[in-house]
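All letters in the sequence shown, in the order written, are residues -17 to 115 by the working numbering.
Backbone N, C-alpha and C define an ideal beta-carbon position, used for all residues, glycine too.
Report on the structure given below.
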Amino acid sequence: VTTQIEFSSQEIAVGVLLIEMARADFQQDESENQSIIDLLQKHFDLTHENSKLLFSQAEDKLNESVSLHEFTKDLHDNLDQDQKEEVITLLWKLAISDDNLDKYEDYLVRKIADLLYVSNSIVLKIKHQVFIK
-17 VTTQIEFSSQ
-7 EIAVGVLLIE
3 MARADFQQDE
13 SENQSIIDLL
23 QKHFDLTHEN
33 SKLLFSQAED
43 KLNESVSLHE
53 FTKDLHDNLD
63 QDQKEEVITL
73 LWKLAISDDN
83 LDKYEDYLVR
93 KIADLLYVSN
103 SIVLKIKHQV
113 FIK
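Below, the structure is given as structure tokens:
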């Protein structure tokens, strides 16, 4: 018996942003998808199955959306500053998961941060913290 889990719009939005991040360098592959699933699992404290389900639902939402704005607006309206910074941390972690930071990925993190009203200095601080680990 599988129970249908309801994810919050914020969980979906974070999944959407991570998937968009993976697509930014035009080289989304299975290992990057697995990295997203792992990040979602850890960040939201989900089972592996539920994180795969969240990934799938987020991918569907992204494919039917016209812009990231609806997702970033939801996060901006509902997350506090620390939670927004956690989202930026997830994006940087995904960006370097393939050991290659692409200029499109870098641009997308900054664009999303701007939409979440996270200052550029904080974005750079988080980037530095993620990259030295």
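Would you mind sorting residue i into buried or exposed? The rule is 16 or more other CB atoms within 10 Å of its CB.
{"i": "Gln111", "result": "exposed"}
{"i": "Val(-17)", "result": "Any reading at Val(-17) must be qualified, since the residue scores a pLDDT of 46, below 50, and its modelled position is unreliable; the value itself is stated next. Classification of Val(-17): exposed, given that the 10 Å Cβ count is below 16."}
{"i": "Phe113", "result": "exposed"}
{"i": "Lys115", "result": "exposed"}
{"i": "Val48", "result": "exposed"}
{"i": "Lys107", "result": "exposed"}
{"i": "Lys85", "result": "exposed"}
Taking C-alpha atoms, which residue in the options lies nearest to residue i?
{"i": "Asp62", "options": "Gln(-8), Glu12 and Leu36", "result": "Gln(-8)"}
{"i": "Ala(-5)", "options": "Ser103, Ile(-13), Tyr99 and Asp42", "result": "Asp42"}
{"i": "Leu73", "options": "Lys55, Val105 and Leu28", "result": "Val105"}
{"i": "Val94", "options": "Leu22, Ser(-10), Thr54 and Ala6", "result": "The amino acid occupying residue 94 in the given sequence is Ile; Val does not appear at that position. Of Leu22, Ser(-10), Thr54 and Ala6, the residue nearest in Cα terms is Thr54."}
{"i": "Lys66", "options": "His25, Asn32, His30 and Asp80", "result": "His25"}
{"i": "Lys109", "options": "Asn45, Ile70, Ile19 and Asp27", "result": "Ile70"}
{"i": "Phe37", "options": "Val100, Phe(-11), Lys75 and Glu52", "result": "Phe(-11)"}
{"i": "Ser101", "options": "Asp64, Asp27, Asn60 and Asp81", "result": "Asp64"}
{"i": "Ala6", "options": "Leu57, Asp20, Val91 and Leu97", "result": "Val91"}
In the DSSP assignment, the alpha helix (DSSP H) including residue i goes from what residue to what residue?
{"i": "Leu97", "result": "Lys85 to Leu97"}
{"i": "Glu(-12)", "result": "First-last for Glu(-12): undefined, no H or E at that position."}
{"i": "Asn82", "result": "Unbroken run through Asn82: none, as it is neither H nor E."}
{"i": "Lys75", "result": "Gln63 to Ala77"}
{"i": "Val112", "result": "Asn102 to Ile114"}
{"i": "Leu44", "result": "His30 to Glu46"}
Quick one, are the C-beta atoms of residue i and residue j less than 9 Å apart?
{"i": "Glu87", "j": "Ala77", "result": "yes"}
{"i": "Leu22", "j": "Leu57", "result": "no"}
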